[in-house]
Amino acid sequence: MTDFDITQAVACRARTASRCCATPSGYKVVFVPFSGGAPSGEPIDVLTGFVNGDGEAQGRPVGVAIDNRGALLVADDVGNVIWRVSAMGDAAGAGTAGSGR
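Each residue of the sequence shown is one higher than the last, beginning at 828 in my numbering.
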């Protein structure tokens with residue numbers, strides 16, 4: 828696993844495929860490292876698993892934000908939920924998701 832500080836992210840975005848694709852791709856949140864105002868590496872998967880083994884979307888990340896504690900908030904318009912993704916050891920609940928339900 829690659830370590831990165833999400834609070835220093837210049838670009839963290841939800842990637843969602845078109846609904847017309849035969850095989851869904853995307854459906855994940857990625858971190859894009861930046862240096863000097865430009866991308867400096869390949870996107871790093873942060874949150875995946877929105878598509879099941881049958882290729883059916885179980886969620887769809889459509890927006891991201893950072894909360895005042897440094898956790899990543901991800902809006903899911905299929906599950907109608909906001910996921911909160913935090914680092915291990917976060918006092919608000921390490922590794923918990925769905926706290927915005």
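Glycine is no exception: its CB is placed at the ideal position from the N, C-alpha and C atoms.
- Beta-carbon to beta-carbon, aspartate 872 and glycine 886 are separated by about 15 Å, too far to satisfy the 8 Å threshold.
- DSSP, reduced to helix, strand and coil, places valine 912 within a strand of the structure shown.
- One alpha carbon belongs to glycine 864, the other to isoleucine 909, and they sit about 29 Å apart.
- In the structure shown, phenylalanine 877 adopts coil according to DSSP, grouped into three states.
- No Cβ-Cβ contact shorter than 7 Å links valine 891 with tyrosine 854.
- Annotation for alanine 884: Pro851, Tyr854, Phe877, Val878, Val905 place their beta carbon closer than 7 Å to its own, counting only its chain and skipping 5 residues before and after.
- Using a 10 angstroms sphere on the CB of serine 867, the tally of other CB atoms stays under 16, which defines it as exposed.
- The C-alpha of serine 913 is placed about 10 Å away from the C-alpha of isoleucine 893.
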